[in-house]
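Trainee: Residues 24 to 566 in this note's numbering are what the sequence shown lists, from first letter to last. For glycine and all other residues, C-beta sits at the position ideal for the given N, C-alpha and C. Right, I'll just put the structure down here and ask away after.
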Amino acid sequence: ATSTTYDPRLRDWYKSARANPENVVRTPPYVFAVSPEVGLSFAKAFDGPIQGAVSTDITLDRLSTFLRSMRPNDDHRLLVFDDEMRLLGAPDPDQVIKRSGAGNDLELAPAKVTDLEDPIVQQALQMFAQGGPFQLETIDIGDEVYLATVAHHDRAGSADYILYAAPRSEFEGTLAGAATRSLLPGLLVLLLASPAIVYLARMISRPLTELSHESELIRSFNLNDPIEMDSPVREVNALITSMSHMKGTLRETSKFVPKTLVKDILESEGRVEVGGKKQHVSVLFTEVADFSDISSKISAEKLMVHMSEYFDELVSLITKDDGTVDKFVGETIFAYWNAPLPIDNYERTACISALKCHHASERLSAQWIAKGRTPWKTRFGVHAGDVIVGNVGSSDRIDYTVIGDTVNIGSRLEGLNKFYGTRILVSGQIADACSDEFLFRHIDRSLPKGAGKPLEIYELLGMFDGPEEFQITPAHAALVVDWNNVYEVYASRDWFKALDAMEEFLGKYPDDGVAKIYLERITEFLIEPPSPEWDGIMRFKKK
């Protein structure tokens with residue numbers, strides 16, 4: 024595609040049409056920008072969701088050819104000129120255009136009626152210059168007498184004149200009264216053009232108004248409804264077809280590219296280039312527990328059906344919460360918030376989305392169990408931090424993504440669920456930002472494999488105030504209070520007291536997996552206590 028700086032709104036025909044919205048306007052003759060021709064532009068304004076104007080062009084040589092067809096013979100003179108004496112039409116098309124130079128240096132310009140050397144025309148112009156338009160005058164040229172008239176036509180600020188002259192001998196006898204009537208064909212050249220242009224403008228402007236509305240829908244990324252219209256104008260119908268195809272292509276492309284990214288490109292009208300910028304985001308990783316075992320027990324066809332149903336449930340929730348789904352890796356979903364479009368409270372939104380996806384996964388698993396299918400248990404990791412967000416790749420294949428340690432930590436948090444027996448683990452950054460709305464249980468201080476620094480790890484249990492299925496229960500609140508008391512004893516490093524406290528906690532919560540891990544850890548510390556320099560951080564050697 025070739026870029027252009029052409030803007031029709033800067034053209035004289037557009038400005039005149041907008042200034043006279045009730046009329047069809049005409050420009051003075053000018054050299055066309057896209058072809059070596061001189062002509063006129065007729066334009067009509069239209070209104071809609073966006074305002075505009077439609078224009079059609081008529082070349083002077085084409086108008087001259089039409090005038091030549093109106094003459095009975097070469098003895099008749101029929102000319103059209105404007106109030107600047109510029110020649111708009113003459114029987115000889117070569118008379119309406121001035122040419123200078125040749126080849127690439129050829130220059131075109133509108134001719135003036137005063138440039139014509141015809142004595143009949145010159146005498147008629149002298150009469151016109153002295154008194155303006157006239158109905159009927161005689162001109163003596165040698166032995167022949169001519170009848171001449173100059174008629175005036177004015178519309179929307181543009182004045183046009185029609186000069187007609189013919190030998191009187193052709194009007195004698197029974198044709199003597201036809202001198203005036205013979206002027207009608209010439210006058211109708213412009214008069215008949217007006218309703219035709221108005222009709223054409225309306226025929227074009229109606230679908231263009233609807234298409235302008237469709238363009239706004241596409242720009243706002245509302246791609247669901249197809250474009251259903253047509254036009255008798257071939258070019259407009261081609262435009263409708265092209266826009267319909269574009270809307271469908273964008274709709275299908277958005278299934279492969281994050282919709283927020285496509286919407287951002289449409290709104291910014293920017294060029295997509297390789298590069299990125301630093302941005303603070305929240306990230307979400309999901310994974311299905313024991314997926315390898317599950318996938319090995321069913322056919323690839325059934326697995327694809329299950330995955331499609333699973334992704335449809337979870338991805339729709341993430342995108343509705345303004346999340347950007349970056350990619351799928353097997354059954355894993357990687358998503359983030361606050362890029363490419365900024366949103367408020369993105370840490371909070373990531374937590375809400377994790378809870379929604381968790382409950383959706385539980386709901387879907389219950390349906391699958393009822394159908395005799397294997398349920399899927401989904402684990403989640405949520406983190407927030409700085410990343411580099413932008414386009415990664417080559418000049419012809421670009422992937423919009425986020426990279427950095429924040430992404431790695433989000434992935435590691437999801438993986439730690441397997442060790443701790445939890446479902447939703449978040450970082451200390453998330454817990455600090457959202458502790459006033461969500462209930463978190465402090466799980467551990469750990470250094471996952473590949474992480475640059477230790478993490479405070481929390482389990483997300485629910486919301487203090489929100490949808491009923493996400494609200495915490497008194498049991499959740501009691502669990503966190505009791506756990507905080509036990510963890511305080513553990514942190515004191517009095518391993519005998521910690522053992523008693525943990526056994527008491529498990530007596531009250533016998534199925535708590537995190538407490539069982541700590542009980543095993545405390546037992547090991549009783550046998551072989553950690554060194555006094557131990558910082559309380561659990562270091563993982565495996566992902």
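Does DSSP classify Phe-461 as helix, strand or coil?
Mentor: Translated into positions along the sequence shown, residue 461 becomes position 438. Strand, per DSSP.
Trainee: Secondary structure at Thr-82, three-state DSSP: helix, strand or coil?
Mentor: If you number the sequence shown from 1, residue 82 lands on position 59. Residue state, collapsed to three classes: strand.
Trainee: For a test of the three-state rule: what should DSSP assign to Leu-364, helix, strand or coil?
Mentor: Looking up residue 364 in the sequence shown gives position 341. Reduced to three states, the DSSP call for Leu-364 is coil.
Trainee: Report the CB separation of Leu-340 from Cys-380 in whole angstroms; it is logged as a contact under 8 Å.
Mentor: One-based indexing of the sequence shown puts residue 340 at position 317. One-based indexing of the sequence shown puts residue 380 at position 357. Right, their Cβ atoms sit about 6 Å apart.
Trainee: Which of helix, strand or coil does DSSP assign to Ile-421?
Mentor: Here residue 421 is taken as the residue at index 398 of the sequence shown, counted from 1. In this structure, Ile-421 counts as strand in the three-state DSSP scheme.
Trainee: Can Val-405 and Ala-377 be called in contact, C-beta distance under 8 Å?
Mentor: As a working note, residue 405 is residue 382 in the sequence shown. As a working note, residue 377 is residue 354 in the sequence shown. In this structure, Ala-377 lies closer than 8 Å to Val-405 by Cβ.
Trainee: CA-CA distance, Leu-542 and Ser-469?
Mentor: Stepping through the sequence shown from its first residue, residue 542 is reached at position 519. Stepping through the sequence shown from its first residue, residue 469 is reached at position 446. Rounded to the nearest angstrom, the two C-alpha atoms are 17 Å apart.
Trainee: Count the other CB atoms within 10 Å of the CB of Ala-498; is the residue buried (16 or more) or exposed (fewer)?
Mentor: Numbered from 1 along the sequence shown, position 475 holds the residue referred to as residue 498. So Ala-498 ends up on the exposed side.
Trainee: Am I right that Tyr-359 and Asp-345 are in contact with their C-beta atoms under 8 Å? What's the rounded C-beta distance?
Mentor: The count along the sequence shown starts at 1 and reaches residue 359 at position 336. The count along the sequence shown starts at 1 and reaches residue 345 at position 322. Going by Cβ atoms, the distance from Tyr-359 to Asp-345 rounds to 11 Å, so no, they are not a contact pair.
Trainee: I need the straight-line Cα distance from Val-47 to Pro-249, nearest angstrom please.
Mentor: Taking the sequence shown and counting its residues from 1, one reaches residue 47 at position 24. Taking the sequence shown and counting its residues from 1, one reaches residue 249 at position 226. When rounded, the distance between both Cα atoms is 33 Å.
Trainee: Is the separation between the beta-carbon of Ala-134 and that of Gln-118 shorter than 8 Å?
Mentor: For the purposes of this step, residue 134 is taken as the residue at position 111 of the sequence shown. For the purposes of this step, residue 118 is taken as the residue at position 95 of the sequence shown. The answer is yes: Cβ separation under 8 Å.
Trainee: Using 10 angstroms around the beta-carbon of Phe-519, count the other beta-carbons present and answer buried if the total reaches 16, otherwise exposed.
Mentor: Residue 519 sits at position 496 when you count from the first residue of the sequence shown. Classification of Phe-519: exposed, given that the 10 Å Cβ count is below 16.
Trainee: Mind the definition here: the region 325-336 touches the region 444-461 only if three or more C-beta pairs lie below 8 Å; say whether that holds.
Mentor: Output reads no: the region 444-461 does not touch the region 325-336.
Trainee: To which residues of the same chain is Thr-424 closer than 7 Å at the C-beta, ignoring the five residues directly before and after it?
Mentor: The count along the sequence shown starts at 1 and reaches residue 424 at position 401. Cβ within range, chain order: Asp-349, Val-415.
Trainee: Any chance the CB of Ala-125 is under 7 Å from a heavy atom of the ligand NAD?
Mentor: For the ligand NAD, the structure offers nothing, since it holds no ligand at all.
Trainee: Short check: CB of Ile-560 to CB of Pro-477, under 8 Å?
Mentor: Translated into positions along the sequence shown, residue 560 becomes position 537. Translated into positions along the sequence shown, residue 477 becomes position 454. Taking 8 Å as the Cβ cut-off, Ile-560 and Pro-477 qualify as a contacting pair.
Trainee: If you run the structure through DSSP and keep just helix, strand and coil, what is Thr-161?
Mentor: For this step, residue 161 is matched to residue 138 along the sequence shown. Three-state result, Thr-161: strand.
Trainee: Considering only the beta carbon of each residue, do Ala-189 and Ala-147 sit closer than 8 Å?
Mentor: Along the sequence shown, read from residue 1 onward, the residue named residue 189 stands at position 166. Along the sequence shown, read from residue 1 onward, the residue named residue 147 stands at position 124. Result no, Cβ atoms of Ala-189 and Ala-147 do not sit closer than 8 Å.
Trainee: When DSSP labels each residue in this structure, what does His-406 get in the three-state scheme?
Mentor: By one-based count along the sequence shown, residue 406 stands at place 383. The answer is strand: DSSP assigns His-406 an E or B state.
Trainee: Please confirm whether Leu-131 and Pro-59 have their CB atoms less than 8 Å apart.
Mentor: Your numbering for residue 131 matches position 108 in the sequence shown. Your numbering for residue 59 matches position 36 in the sequence shown. Going by C-beta atoms, Leu-131 is nearer than 8 Å to Pro-59.
Trainee: Exposed or buried, what is Arg-100 when buried is set at 16 or more other beta-carbons lying within 10 Å of its beta-carbon?
Mentor: Residue mapping note: residue 100 aligns to position 77 of the sequence shown, counting from 1. Looking at its Cβ environment, which holds 16 or more other Cβ atoms inside 10 Å, Arg-100 is buried.
Trainee: How is the alpha helix (DSSP H) around Met-108 delimited, first residue to last?
Mentor: Taking the sequence shown and counting its residues from 1, the one referred to as residue 108 is at position 85. No alpha helix (DSSP H) contains Met-108, which DSSP labels as neither H nor E.
Trainee: Can you list, in chain order, the residues of its chain whose CB lies under 6 Å from that of Thr-82, leaving out five sequence neighbours each side?
Mentor: Start at 1 with the first residue of the sequence shown, and residue 82 comes out as number 59. Only Glu-60, Gly-62 meet the Cβ criterion.
Trainee: Taking only three categories from DSSP, how would you classify Tyr-532?
Mentor: If you number the sequence shown from 1, residue 532 lands on position 509. Tyr-532 falls in the coil class under three-state DSSP.
Trainee: Where DSSP assigns a beta bridge to Glu-482, which residues make up the other side?
Mentor: Walking along the sequence shown from the start, residue 482 turns up at place 459. Note: Glu-482 sits in a beta bridge opposite Leu-448, Arg-464.
Trainee: When you compare each of Leu-170, Phe-357, Thr-445 to Val-159 by their alpha carbons, which one comes out closest?
Mentor: Looking up residue 159 in the sequence shown gives position 136. Contrary to the premise, residue 159 reads as Leu rather than Val in this sequence. Minimum Cα distance to Leu-159 is reached at Leu-170.
Trainee: Sort Gln-153, Leu-522, Gly-165 by Cα distance to Glu-547 and report the nearest one.
Mentor: The residue given as residue 547 occupies position 524 in the sequence shown. Of the listed residues, the one whose Cα sits closest to Glu-547 is Leu-522.
Trainee: For Glu-45, count neighbouring C-beta atoms within 10 Å of its own C-beta (all shown protein chains included) and say buried if the count is 16 or more, exposed if not.
Mentor: To locate residue 45, count along the sequence shown from 1; it is residue 22. Glu-45 comes out exposed.
Trainee: Go ahead and label Leu-307 buried or exposed: buried means 16 or more other beta carbons lie within 10 angstroms of its beta carbon, across all protein chains shown.
Mentor: By 1-based counting over the sequence shown, the position of residue 307 is 284. It counts as buried.
Trainee: Where are the alpha helix (DSSP H) runs, 4 residues long or more, that stay fully inside the region 297-376, in chain order?
Mentor: Those alpha helix (DSSP H) runs which fall completely within the region 297-376 and span 4+ residues are 314-319, 323-343.
Trainee: Rounded to whole angstroms, what is the Cα-Cα separation between Arg-191 and His-175?
Mentor: As a first step, residue 191 must be located in the sequence shown, where it is residue number 168. As a first step, residue 175 must be located in the sequence shown, where it is residue number 152. For Arg-191 and His-175, the distance between alpha carbons rounds to 22 Å.
Trainee: Within its chain, find whatever has a CB closer than 6 Å to the CB of Asp-1; leave out the 5 residues flanking it on each side and keep chain order.
Mentor: With the chain running from 24 to 566 in the structure shown, residue 1 is simply not present.
Trainee: Using DSSP with H/G/I as helix, E/B as strand and the rest coil, what is Arg-34?
Mentor: The residue labelled residue 34 in the question sits at position 11 within the sequence shown. DSSP places Arg-34 in coil when its eight states are reduced to three.
Trainee: Could you name the residues of the same chain whose beta carbon sits closer than 7 Å to that of Pro-553, not counting the 5 residues immediately before and after it, in chain order?
Mentor: The residue given as residue 553 occupies position 530 in the sequence shown. Closer than 7 Å at the Cβ level, and outside the excluded window around Pro-553, lies no residue.
Trainee: Answer yes if the region 459-468 comes into contact with the region 485-500, meaning at least three C-beta pairs across the two stretches below 8 Å, and no otherwise.
Mentor: Segments in contact, yes.
Trainee: Evaluate contact between the region 475-491 and the region 511-518, counting only Cβ atoms and requiring at least three cross-stretch pairs below 8 Å.
Mentor: Counting Cβ pairs under 8 Å, fewer than three are found: no touch.
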